[in-house]
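Residues in the sequence shown are numbered from 486 upward in steps of one, following the working numbering.
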Amino acid sequence: MLSLASLGILFIAGVTSAAPIVPAVTVQDNDAGAGAAFASQTAKKVAALRAAPTYLDRLKLLEDKDFVFDFKNPPTTDGVTRGAGGTTVNGIPSNFPAITGTGVSMTVGFLNPCAINSPHVHPRASEINFSVNTTLQTGFLLENGDAFHLVDIPAGSAVAIPQGAIHFEMNPSCEAAMFVAGFNNEDPGVTSIAQRFFGLPSSVVGAALGGLGVVVVAEMSYLIPDNVIQGVDECLARCGLKPTKQTTFEQQPRISANAYPEGALESATAALAAAGTGIATALIKQTAATATADRFSSAIPTAASMSGWKRETYPQPTVFAAF
């Protein structure tokens with residue numbers, strides 16, 4: 486039986502425009518220096534909370550304001566994921582220390598029309614996902630031999646997703662959508678299926694896909710868009726939306742164990758450039774960066790050079806004004 490925090494009553498304004506809506510999320514400490522300071526302070530607080538001998542002692546370390554987490558204005562980029570299709574914000578101990586020791590956490594997702602919270606797994610938690618304002622669609626697979634489960638989640642309804650299941654959430658409507666996901670673990674974890682699969686050695690990936698060459702594998706890996714992703718063509722056409730360029734920076738860092746064979750990356754870059762993807766320059770830059778650095782730290786491109794990622798301040802639309 487899941488032990489989950491109360492979801493509460495949430496309201497959201499309707500959408501009158503068919504254009505994609507950027508979620509109303511603004512990170513308070515949006516620069517690297519402020520983020521590092523917040524992370525250091527939070528780590529010390531979480532350590533103190535875990536070391537407290539009793540729950541009462543833990544409560545004495547917290548102020549009343551510490552028990553509230555603002556998903557619309559999260560305090561740091563940690564736990565915030567953004568792509569062309571929307572934003573998800575996780576409330577976890579690293580940005581919400583008050584949940585330390587409670588065994589629960591939460592994610593709020595803001596999905597543009599047709600957007601998809603791309604296929605992923607939570608390795609340490611089951612999930613209950615509540616649709617706030619429109620009908621969402623989710624599908625999941627748990628293990629070999631299991632049938633694929635596809636269900637609609639009408640507004641005001643929730644779906645239960647077993648721990649470890651590969652699943653996604655899709656907004657098939659032409660209006661912006663919001664979901665609230667509760668977890669029975671304060672650190673549920675997330676594994677993005679496409680990025681992590683293609684982060685395995687390219688020869689292994691190629692063999693698993695029926696003998697694809699390593700250059701083709703490299704090309705495919707750098708076409709995987711960052712979460713949250715734009716939706717399927719049918720939905721975009723039905724809603725009168727045109728696909729926009731999606732960033733591809735959530736690649737698995739390459740080390741010696743999963744490095745591409747010599748020359749494969751250059752060949753893939755040339756092929757992508759010839760295909761007119763516009764990704765070749767970014768591919769070269771991020772490959773050099775991820776050779777020795779974490780993709781999600783200093784290697785992140787600046788906001789000026791990309792269409793949106795963790796260190797960017799997210800514009801405020803009117804659609805989520807009621808939230």
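Just so you know, even glycine gets a beta-carbon here, dropped at the ideal spot from N, CA and C. Computed from a predicted model, the values in this text were never measured in an experiment.
For residue i, the three-state DSSP class (helix, strand or coil)
i	result
P673	coil
K632	According to the sequence as given, residue 632 is Ala; it is not Lys. Note: A632 maps to coil in three-state DSSP.
R535	helix
Q526	helix
N575	strand
F682	helix
L721	helix
G568	strand
F554	coil
T623	strand
T733	coil
D637	strand
C599	coil
L584	Looking at the sequence shown, residue 584 is not Leu but Ile. I584 falls in the helix class under three-state DSSP.
E704	helix
E747	coil
V759	For the record, residue 759 in the displayed sequence is Ala; it is not Val. Note: A759 maps to helix in three-state DSSP.
R739	coil
K545	helix
P657	coil
Proximity below 7 angstroms, CB of residue i to CB of residue j
i	j	result
P604	F664	no
N602	V702	no
T561	T573	no
E671	P578	yes
Q715	A569	yes
P647	S677	no
F625	A650	yes
A753	E719	no
L721	C599	yes
P608	G674	yes
A749	V700	yes
A640	I613	no
G576	S590	yes
L697	N656	no
F734	S706	no
A533	L544	no
Per-residue burial, residue i [other beta carbons within 10 Å of its own, 16 or more giving buried]
i	result
I785	Low confidence applies to I785: its pLDDT is 29, below 50, so where it sits in the model is not reliable, and the reading given next is rough at best. Burial call: buried.
N629	exposed
P538	exposed
D637	exposed
A521	exposed
R535	exposed
Y540	exposed
G725	exposed
F564	First, the residue type needs correcting, since residue 564 is Gly and not Phe in the sequence shown. Buried, since its Cβ has 16 or more Cβ neighbours within 10 Å.
D711	buried
P746	exposed
Q526	exposed
E548	exposed
L757	buried
F633	exposed
S818	In the structure displayed, the chain extends from 486 to 808; residue 818 sits before or after that span and is not available.
G594	buried
V717	exposed
A662	buried
Per DSSP, the bridge partner or partners of residue i
i	result
S590	F668
G695	Answer is none; G695 lacks a bridge partner.
V644	N614
H605	H652 and S677
A662	L596
I714	I601
Cβ-heavy atom distance, residue i to the ligand NAD, below 6 angstroms
i	result
N669	Within the structure as shown, the ligand NAD is missing, as the structure has no ligands at all.
*Can we say the stretch 583 to 602 touches the stretch 538 to 557, given the rule of at least three CB pairs closer than 8 angstroms?*
Yes, they touch.
*On the three-pair Cβ rule with 8 angstroms, is the stretch 679 to 693 touching the stretch 609 to 629?*
Output reads no: the stretch 609 to 629 does not touch the stretch 679 to 693.
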